[in-house]
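Q:
Number of protein chains: 2
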Amino acid sequence: MRPLARLASLRSPVAGQAFKSTLSTRAVASRTSWTPAPIPRISSTSLRSFSLSTSHHRFQVYVKKQNTKMTSTATTLKGQPLDKGALESMLRRRMFFAPSFDIYGGVAGLYDYGPPGCALQANIIDIWRKHFVLEEDMLEVDCTALTPHDVLKTSGHVDKFADWMCKDPKNGDILRADHFVEDVLEARLKGDKEARGQKVEDKEEDPKRKKKKAKGTEAVKLEDAVVKEYEEILAQIDNYNGEQLGELIKKYDLKNPATGVQPEPPVAFNLMFQTAIGPSGNLAGYMRPETAQGQFLNFAKLLEYNAGNMPFASASIGKSYRNEIAPRGGLLRVREFLMAEIEHFVDPAGHKKHERFHEVADIELALLDRNVQLSGQTTVTKMTIGEAVKQKIVDNETLGYFLARIHLFLKKIGVDQSKIRFRQHMGNEMAHYACDCWDAELLTSSGWVECVGCADRSAYDLTVHAKKTGAPLVVRETLETPEIVEKWEPEINSKKFGPTFRKDAKTVEAAILALPQEELAKLAEELKTNGKIVVDVPGVGDGKVEVSKDLVAIEWKKHTINIREYTPNVIEPSFGIGRILYSLLEHNYWVREGDEARGVISFPPAVAPVKVLIVPISSKAEFAPHVRRLSQKLRSVGISSRVDDSSASIGRRYARNDELGTPFGLTIDFQTLQDGTFTLRERDSTRQVRAEEEKIVDAIKALVEGSKTWQDVESELPIFEGQELEIRPAEN
Amino acid sequence: MRPLARLASLRSPVAGQAFKSTLSTRAVASRTSWTPAPIPRISSTSLRSFSLSTSHHRFQVYVKKQNTKMTSTATTLKGQPLDKGALESMLRRRMFFAPSFDIYGGVAGLYDYGPPGCALQANIIDIWRKHFVLEEDMLEVDCTALTPHDVLKTSGHVDKFADWMCKDPKNGDILRADHFVEDVLEARLKGDKEARGQKVEDKEEDPKRKKKKAKGTEAVKLEDAVVKEYEEILAQIDNYNGEQLGELIKKYDLKNPATGVQPEPPVAFNLMFQTAIGPSGNLAGYMRPETAQGQFLNFAKLLEYNAGNMPFASASIGKSYRNEIAPRGGLLRVREFLMAEIEHFVDPAGHKKHERFHEVADIELALLDRNVQLSGQTTVTKMTIGEAVKQKIVDNETLGYFLARIHLFLKKIGVDQSKIRFRQHMGNEMAHYACDCWDAELLTSSGWVECVGCADRSAYDLTVHAKKTGAPLVVRETLETPEIVEKWEPEINSKKFGPTFRKDAKTVEAAILALPQEELAKLAEELKTNGKIVVDVPGVGDGKVEVSKDLVAIEWKKHTINIREYTPNVIEPSFGIGRILYSLLEHNYWVREGDEARGVISFPPAVAPVKVLIVPISSKAEFAPHVRRLSQKLRSVGISSRVDDSSASIGRRYARNDELGTPFGLTIDFQTLQDGTFTLRERDSTRQVRAEEEKIVDAIKALVEGSKTWQDVESELPIFEGQELEIRPAEN
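Protein chains in written order, with the UniProt record's numbering: chain A, 1 to 732; chain B, 1 to 732.
(1) Say whether chain A places a C-beta atom closer than 9 Å to the C-beta of B/Phe409.
(2) Taking Cβ-Cβ distances shorter than 9 Å, what residues in chain B pair up with A/Met165?
(3) Output the residue ranges of the beta strand (DSSP E) runs that lie fully inside the region 103–164 of chain B and measure 3 residues or longer, sorted by chain position.
(4) What would DSSP say about B/Glu205, mapped onto helix, strand or coil?
(5) For the beta strand (DSSP E) that contains residue 771 of chain B, what are its first and last residues?
(6) Within the present structure, is the beta-carbon of B/Gln244 separated from the nearest heavy atom of the ligand SAH by less than 8 Å?
(7) Please name the residue, chosen from A/Glu480, A/Lys84, A/Asp461, that lies closest to A/Ala471 on a Cα-to-Cα basis.
(8) Helix, strand or coil for B/Ser715, going by three-state DSSP, please let me know.
(9) Does any residue of chain A bring its CB to less than 9 Å from the CB of B/Gln121?
(10) In chain B, what lies closer than 9 Å to A/Met95 by C-beta?
(11) Is there at least one Cβ from chain A nearer than 9 Å to B/Phe575's Cβ?
(12) Considering only the beta carbon of each residue, do B/Ile420 and B/Leu410 sit closer than 9 Å?
(13) Alpha carbon to alpha carbon, what distance is there between B/Phe678 and B/Lys382?
(14) Does the Cβ-Cβ distance between A/Thr560 and B/Arg335 come in under 9 Å?
(15) At a Cβ threshold of 9 Å, is B/Leu283 touching chain A?
(16) Give every residue of the same chain whose Cβ lies closer than 7 Å to the Cβ of B/Leu367, excluding the five residues on either side of it in the sequence, and list them in chain order.
(17) Going along the chain, which residues of the region 441–475 of chain B sit with their C-beta nearer than 9 Å to a C-beta in chain A?
(18) What residues from chain D crowd round B/Ser618, counting only those whose CB sits closer than 9 Å?
(19) How big is the Cα-Cα spacing for A/Leu399 and A/Ala455?
(20) By DSSP's criteria, B/Thr463 is part of a beta bridge. Which residues make up the other side?
(21) Looking at chain A, is there any beta carbon in it that lies within less than 9 Å of the beta carbon of B/Asn241?
(22) For A/Phe720, does the three-state DSSP call read helix, strand or coil?
(23) Quick one: grab the DSSP three-state call for B/Asn270.
(24) Report the residue ranges of all beta strand (DSSP E) runs contained in full by the region 277–307 of chain A; include only those spanning at least 3 residues, in chain order.
(25) Pop quiz: A/Cys118 and A/Pro263 are said to be a contact at Cβ under 8 Å. What is the actual Cβ separation, rounded to whole angstroms?
(26) Give the DSSP bridge partners of B/Pro169, in chain order.
(27) How is residue 739 of chain A classed by DSSP in three states: helix, strand or coil?
(28) In angstroms with no decimal places, state the Cα-to-Cα distance between A/Arg592 and B/Gln632.
(29) Decide if A/Thr75 is buried, meaning its Cβ has at least 16 other Cβ atoms within 10 Å, or exposed.
(30) For A/Lys84, which of helix, strand or coil comes out of DSSP?
(31) Here's the rule: buried if 16 or more other CB atoms are within 10 angstroms of the residue's CB, otherwise exposed. What is B/Trp128?
(32) Would you mind stating whether B/Ser715 and B/Met339 have Cβ atoms separated by less than 9 Å?
(33) In terms of residues, what are the limits of the alpha helix (DSSP H) holding B/His407?
(34) What does a CB cutoff of less than 6 Å around A/Ala29 pick up in its chain, not counting 5 residues either side in sequence?
(35) Name the chain B residues whose beta carbon is nearer than 7 Å to that of A/Ala313?
(36) Contact criterion: CB-CB distance below 9 Å. Does B/Gly117 meet it with respect to chain A?
In structure tokens form, the structure reads like this:
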């Protein structure tokens, strides 16, 4: 599998405008202290950071280019080297996921979840909903994915949510420009190494890609200076815009290995799936690229639903769509994916304090702040979130609160604690309006993967939609101590004003009402002295209009302001559920010592697709009633089970379910028929206890709910030894 | 609100081919015994019955045209006349749902669910998943909504999933042809009534539509014969194809009231949202119009996942998309909607028995079978499903099992038992391959609404996809008693055959292997007698090829067949979640006696968006710890609550939550501060009990889980009387 560090994320228009200076800053950094970090990263859950650069718009990557030549150093849950091929083959065999439309040849970037993947996803979502929505009384909404053009025009997606692509003039292939440049230069560097007789590290890749790339690899020695140039380009491949990528293609005469010709210059390709709504074809629409917009558009209704109380959060779980040019990386980069997003609306005036911050202040996070990154390091600092906010490393309490809550959520679903870090966006990665932004990244065989973004987006989104539509997306707050305001106020005598100025009346009135305070003060004086004033009204007469005192009065007036109106800021935690799900699979996978074919996924019971495997030791009819009763009983206490009454040995049946991550096994054996006792097996230790039905069911319930550990159960119920002997390596 | 009886459903190609005869059958029926039924119907959850008729394809309606002139006779849960306007205003005020993109002017047929709608939907889905997926060990999958063209071409949607539309040449308006004809004729009949001085019944409609239609209504008297003609056309409006609708428009010179001109002839409009997948734009795709196809395509993998065992069912919950020409009817006809579909795969050889049928055999359903409908009646028959299958009214046990299970599901979520019926499709409504099909219809203010379809689709879907792709979408079953087959078999001597016939060898071999048994028998004899045979091989030499016995042998051979291969049939229950949700709102709505402004939605606790309202009687600081502790405690036992600590009176706060359907209210009052007791209020009766915290929480838990009724609780805990007095009509 090739490293995916340069998978794109989105950037803000203004971050994009700062693009050139950013680029040069980085170039300097890389020549001095900045060194490539050892592990690549995948970004792009965050949907918001797109950039504008030169005349074309660019969907730009914000990662530092890191070493892409490394082989995977990923490990299993037990610290064994991760055999990604074995894991993926197991995941497909057990139908965690499968390419969509497989029998029709499939479509890149589209995957279906099979039964265990689907249950795993449902459990993650269920925990997410409890952890965030219910725990914090968030207002969950379900908005449509179909979105009309105007909405995404306002949000900036229509103009800027794009990648650069090149067309091969010979065969019409569409290449993603940055990937193309990178692939060809990497192939040349590889050829150079071969020519120099150096060992070329084999990257894990899917065979199709390898074959295609192999075409371009020839053992040709390059000059040392050229090698250095190529390496420098690769180190900052994510920072080139379309024009610059086009220049590189020309300068180095980069050719598509498939055809041997140079592709056409890069053009911007919008990543949204477009469609037409309604029969006329006139209403352009898109499949939403994120779930956030629906929440912003409903802001006023949600505020009203919340009885006007601030702060509050909305939340949404739903599919989003991105028409990737050439998806790679399995579940990590797909064209249709499940997101869970929260928009926490907060008054910017209160320093974004959070009333429950004290509950999480002592939680320790692994932080990779922007200063460390700017110094070329990737060393994380373990620090309590309380300390991080105090030191201003994290901008404010609300943002800090959500980082800690995200951490707790990831921990709860079983993410490996040693494989989480929170990475802060650097200044040039962030949207201009954003105050601060952190990604929760999970370490996988593809490097650090951005799985959750958490940004303080200020008042940007509500402001642009309010401006476009005129809808008052604001909070009106009754002031405890009313504010007194005194100012000059012109007052028009409507009765006379209209007849006097006729068709120009509105224009003249508007000009007067728009006058600044200092001008009004002057004119009030003039009106008193001369009984008339002269006002500049471009377009009316000669641009000067005389207004007499019977038509207008200008007075110093006192106002009591009881209402404060403001646009809330928004803190946005945004979860890529598919990426979290895939990372979870890798984090919980391991193989039984001494038998590499025996994979296990040690899901915590709460997320495990199925909680209990029921295994009758024999297919004799006497066993059937026990199986039915147990299933029924477990179901009635809300625990999912599956029966395996196949003729395979008990050991083989357990091994099959270890691969599915089923935490508990319930065996019905001949002793059951005599005394009504069952054995309960724990997946990870393969240890067993034996007891009567009620005790066993109670134990399972406590284990699944998390109120007891397996150690507790072993201390309460008699240990059973025997059957597990049947699991011999030879059987698997 | 206008009746929606003619909202379209889909029909099979062959049902469409039988279209003309069907039409005439109906015409006869309507002239003799068939009388319009009193209540209109809405169909179209079932995605599968599209029809082909004449040269154009048509997305055809299968309902008998019924009386569309009636006013709503809908009633509330308590039998009061339903004030639909009041209900809808309440639902919007409480944000059950809202038009999507409202601040941008909205898009017809797109709705967002607000917090209570979203929670209601999540609860319905949760119960659905437990009731179907977990209870029956179904294999749930989550497939992409993006679907490539080829898949939907094979399924028939590309060619036949269409409606007829007309364009207005003057203003470019697109009109749905059947609706247009209907609207104009209805307006003329209304004008006629006015001219005759008859009372015109006012239909409930949204004001916009009314205004538009009013334009076309002029008080012009028609001849009696014309009135009769119009009425006959309206009675069968759903049965006209595009050409016929075009003829009606010409014949009666129907003009668009908005422009005064006749629209162009109807053309077919495909109802799928089209898009392009990938950057080249060459891979056409659609947003799926149903979730079923993904399940069919994964059949082979699912069968393997299920260890080859039959029968089994897959299930899927997800959004589907239909580009309606002119959506009307709120949540009942939308362009993006949530479906839940089951595909139960069964061996057709076993008479489609179901092993759990005995569990449901005694359940009584309200059936409206096809014979009753053909006789022009809509009288339902109450009958146990056991009896219905026995009498062959319902085709088979598996179909019957699911009808009963659907009934139990609808009952569980709180559908009014007096407002469900199961209506059988008539022969001409069904796809040619379908054996039987029943819709669960719910009675609403828009008439009988098709909310669940349940069809026996035979082997159609798997067969067409297997034929198109070559994938073996079959079950291979080891026969218990192997079958012995004896037959003539030619055996080619490959070593000599190639050199003898050279380039023609393959062709000659194929010709021999394709020979029928009787021919082979004859040739075997010939080979024995003459030592050679002459075979017809068109295109080789003169079309006759001589083959000697050293090149081929033909022998009578015995084979033992151990494997039986078959394509499973599929029973498909298909749920339109949005329609069920809307019907549920109507079924559970009522108003408190004596105060029409006090709406209540009596959701069963399991589906209620929020289970408990926590109401501190005062905003004093002493109350806060109680509020926090109670919320926390309820959450820990999995029960969602909401706090209303506003300054409104207790009565007003309860009234607000009655509208949200919150079943229980927990009041913290001054007595709580002294003795730690709380009052618990039941929404429907407004009765209260008072007890200490633990007893109250236990009672709530039992009530929500359904293990106790309110009567049980009243018999166990002391009745409390007092606070409810605060709810005075004047306060609301």
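All C-beta atoms in this analysis are idealised placements derived from N, C-alpha and C, irrespective of residue type, glycine included. Here the structure is a predicted model, which means the values were calculated and not measured.
A: The short version:
(1) On the second sequence, residue 409 of chain B is found 409 positions in, with the first residue counted as 1. Chain A contact via Cβ: absent.
(2) Residue 165 of chain A sits at position 165 when you count from the first residue of the first sequence. Residues of chain B whose Cβ lies closer than 9 Å to the Cβ of A/Met165 are, in chain order, Pro279.
(3) 111–113, 146–148
(4) Counting from 1 along the second sequence, the entry for residue 205 of chain B is found at position 205. Low confidence applies to B/Glu205: its pLDDT is 44, below 50, so where it sits in the model is not reliable, and the reading given next is rough at best. It is coil, neither helix nor strand.
(5) Residue 771 of chain B lies beyond the residue range present for chain B, which begins at 1 and ends at 732; the question has no answer from this structure.
(6) For the ligand SAH, the structure offers nothing, since it holds no ligand at all.
(7) Locating residue 471 of chain A in the first sequence gives position 471, where the first residue counts as 1. The candidate whose alpha carbon is nearest that of A/Ala471 is A/Asp461.
(8) Residue mapping note: residue 715 of chain B aligns to position 715 of the second sequence, counting from 1. B/Ser715 falls in the helix class under three-state DSSP.
(9) Within the second sequence, the letter at position 121 stands for residue 121 of chain B. It does: the Cβ of B/Gln121 has a partner Cβ on chain A nearer than 9 Å.
(10) Taking the first sequence and counting its residues from 1, the one referred to as residue 95 of chain A is at position 95. Chain B residues near A/Met95: Leu139, Val141, Asn298, Lys301, Leu302, Glu304, Tyr305.
(11) Start at 1 with the first residue of the second sequence, and residue 575 of chain B comes out as number 575. Not one chain A Cβ lies under 9 Å of B/Phe575.
(12) The sequence position of residue 420 of chain B within the second sequence is 420, counting from 1. The sequence position of residue 410 of chain B within the second sequence is 410, counting from 1. Here B/Ile420 is near B/Leu410, since their CB atoms are less than 9 Å apart.
(13) Locating residue 382 of chain B in the second sequence gives position 382, counting from the first residue. Locating residue 678 of chain B in the second sequence gives position 678, counting from the first residue. Roughly 45 Å between the two C-alpha positions.
(14) For the purposes of this step, residue 560 of chain A is identified with residue 560 of the first sequence, where counting begins at 1. For the purposes of this step, residue 335 of chain B is identified with residue 335 of the second sequence, where counting begins at 1. Between A/Thr560 and B/Arg335, the C-beta gap is not smaller than 9 Å, which leaves the two residues out of contact.
(15) The sequence position of residue 283 of chain B within the second sequence is 283, counting from 1. Interface residue, yes.
(16) Here residue 367 of chain B is taken as the residue at index 367 of the second sequence, counted from 1. Taking B/Leu367 as the centre and dropping the five residues before and after it, the same chain places the C-beta of Val380, Thr381, Met383, Ala388, Ile393, Phe422 closer than 7 Å to its C-beta, in chain order.
(17) From the region 441–475 of chain B, only His465, Ala466, Lys468, Thr469, Gly470, Ala471, Leu473 have a Cβ closer than 9 Å to chain A.
(18) Note that chain D does not occur in the displayed structure, where the protein chains are A and B.
(19) Residue numbering aside, residue 399 of chain A sits at position 399 when the first sequence is read from its first letter. Residue numbering aside, residue 455 of chain A sits at position 455 when the first sequence is read from its first letter. A/Leu399 and A/Ala455: Cα-Cα distance of roughly 7 Å.
(20) Within the second sequence, residue 463 of chain B is the residue found at index 463, counting from 1. According to DSSP, B/Thr463 bridges with nothing at all.
(21) Taking the first residue of the second sequence as 1, we reach residue 241 of chain B at position 241. It does not; no Cβ of chain A falls within 9 Å.
(22) Here residue 720 of chain A refers to the residue found at position 720 when the first sequence is read from its first residue. In this structure, A/Phe720 counts as strand in the three-state DSSP scheme.
(23) One-based indexing of the second sequence puts residue 270 of chain B at position 270. Residue state, collapsed to three classes: strand.
(24) 283–287
(25) Position 118 of the first sequence holds residue 118 of chain A. Position 263 of the first sequence holds residue 263 of chain A. No, A/Cys118 and A/Pro263 are not in contact; Cβ-Cβ is about 40 Å, not under 8 Å.
(26) The residue labelled residue 169 of chain B in the question sits at position 169 within the second sequence. Partner(s): none; B/Pro169 has no beta bridge.
(27) The question about residue 739 of chain A has no answer here: the residues shown for chain A are numbered 1 through 732.
(28) Counted from its first residue, the first sequence places residue 592 of chain A at position 592. Counted from its first residue, the second sequence places residue 632 of chain B at position 632. Going from the Cα of A/Arg592 to the Cα of B/Gln632 covers about 41 Å.
(29) Position 75 of the first sequence, counting from 1, holds the residue named residue 75 of chain A. Buried, since its Cβ has 16 or more Cβ neighbours within 10 Å.
(30) Looking up residue 84 of chain A in the first sequence gives position 84. The three-state reading of DSSP puts A/Lys84 in helix, counting H, G and I together.
(31) As a working mapping, residue 128 of chain B is identified with position 128 in the second sequence. That one is buried.
(32) As a position in the second sequence, residue 715 of chain B is number 715, starting the count at 1. As a position in the second sequence, residue 339 of chain B is number 339, starting the count at 1. Result no, Cβ atoms of B/Ser715 and B/Met339 do not sit closer than 9 Å.
(33) Here residue 407 of chain B is taken as the residue at index 407 of the second sequence, counted from 1. Note, B/His407: alpha helix (DSSP H), 397–413.
(34) Indexing the first sequence from 1 puts residue 29 of chain A at position 29. For A/Ala29, the predicted structure reports a pLDDT of 28, less than 50, and the residue's modelled location is therefore unreliable. The matter cannot be settled from this model.
(35) Reading the first sequence from its first residue, position 313 is the one you call residue 313 of chain A. What A/Ala313 touches in chain B: nothing, since even the nearest Cβ is about 11 Å away.
(36) Walking along the second sequence from the start, residue 117 of chain B turns up at place 117. For B/Gly117, the answer is yes, since a Cβ of chain A falls inside 9 Å of its Cβ.
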